Amino acid sequence: MMSICKQLQPTVHIPPCGLNLEAFNSRRQTNKVVIVMGATGTGKSRLSVDLATRFHAEIVNSDKMQVYEGLEITTNKITKEEQCGVPHHLLGAVQNPNADFSADDFSDAASIAIESIVDHGRLPIIAGGSNSYIEHLVDVLDYSFRAKYECCFLWVDVSMPVLHPYVSKRVDEMVRNGMVEEVRKMFDPNASYSKGIRRAIGVPEFDRYFRDEKLYDEKTRARVLQEAINEIKDNTCKLACRQLGKIHRLRNRDGWTLHRLDATEVYRRRGNEAEQAWKRHVAAPSAAIVDEFLRSFAPAVKRHAMRVPAMAAAASH
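Numbering (full-length UniProt numbering), first residue to last: 1 to 317.
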């Protein structure tokens, strides 16, 4: 939900590699897709833009809250400036805040977007923290997606003891940037927090504050507000743990081949040292992985065939 390292320096510039994807498409049985995964706050959006500027790609958002229009600050949606001119699909695409955008809806919409990107000779990059969306897209319908597309999974990982203080500080930054007022404009005492964009972390936590703030004196109002902010921090850290657990399950139980990129050192440093750590530990190695992936022509169907026994074994437990 809150998924870009905004407190780090600007995106590392990597010169275009000059790969002709249309030529690649004519030489292999399947098209290729890059999928960027990771817990909230690890830098998935930043990495996807880094890669897109190098490999002539377009990005498909797979964050189930950022797919809705609105709550730009609360959902930590990537800004136009941060997009660096890279086309983004399914970002703010659902205008009804009460609509349910299911995993089936995502799979249908993402498939259309990916097909369009491929038809234009560009590389689709799927990026976002909703692993259930990604899993549904990739492994639903007897793995028809894998039969059509060869996937490269990049996992941006940060040690939880390092990530948790970062995401907590990021909540404070979001509050300074106007999150409370942004959520206040959407507050409806009769609305449900079980569907639509109001499920987003940062919305239900303010319910008590918005309902009763006029009844509080200044001291009580400040205390209740801080309690809501602390709850948002706790829930964000819990989300990161759940996301990491899901990634481990996809890798260890379901047999997904994930390329782990350890970004922990980036968060331990500041200024130019953080920028260099990002380039050294994340941007450069991920670019090398994708470059090799695009230059290989092993049919995806063979890779899929190798996965089936592992999946079957997992299902038997």
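Virtual Cβ for every residue (Gly too), placed ideally from N, Cα, C. All values reported here derive from a predicted model rather than from experimental measurement.
Inter-residue spacing [alpha-carbon to alpha-carbon] between residue i and residue j
i	j	result
L215	R268	43 Å
V167	I125	24 Å
I114	V138	12 Å
R223	E181	17 Å
N235	V33	31 Å
residue 328	E231	The question about residue 328 has no answer, for the chain in this structure spans 1 to 317.
N131	R208	30 Å
K148	F55	20 Å
Y193	T264	33 Å
P204	G121	42 Å
L90	D217	43 Å
F297	K233	44 Å
D262	I112	32 Å
Nearest neighbour of residue i, chosen from the options [CA to CA]
i	options	result
F206	V60, F187 and P87	F187
A283	L47, R176 and S111	L47
I59	Y143, C84 and E72	C84
F293	R270, T42 and E150	E150
S286	F145, N131 and L258	L258
H88	A99, A109, C241 and A103	A109
V49	G128, Q276, H120 and G271	G128
K195	I229, A52 and Y68	Y68
I229	W155, R242, R176 and V140	R176
P165	A191, G41, R242 and D291	G41
A57	Q226, D119, V86 and G43	V86
L154	A277, T53 and R260	R260
With 16 other Cβ atoms within 10 Å as the buried cut-off, status of residue i
i	result
T30	buried
Q95	exposed
K185	exposed
C237	buried
Proximity below 8 Å, CB of residue i to CB of residue j
i	j	result
C152	I289	yes
P97	R198	yes
M65	I134	no
M174	I73	yes
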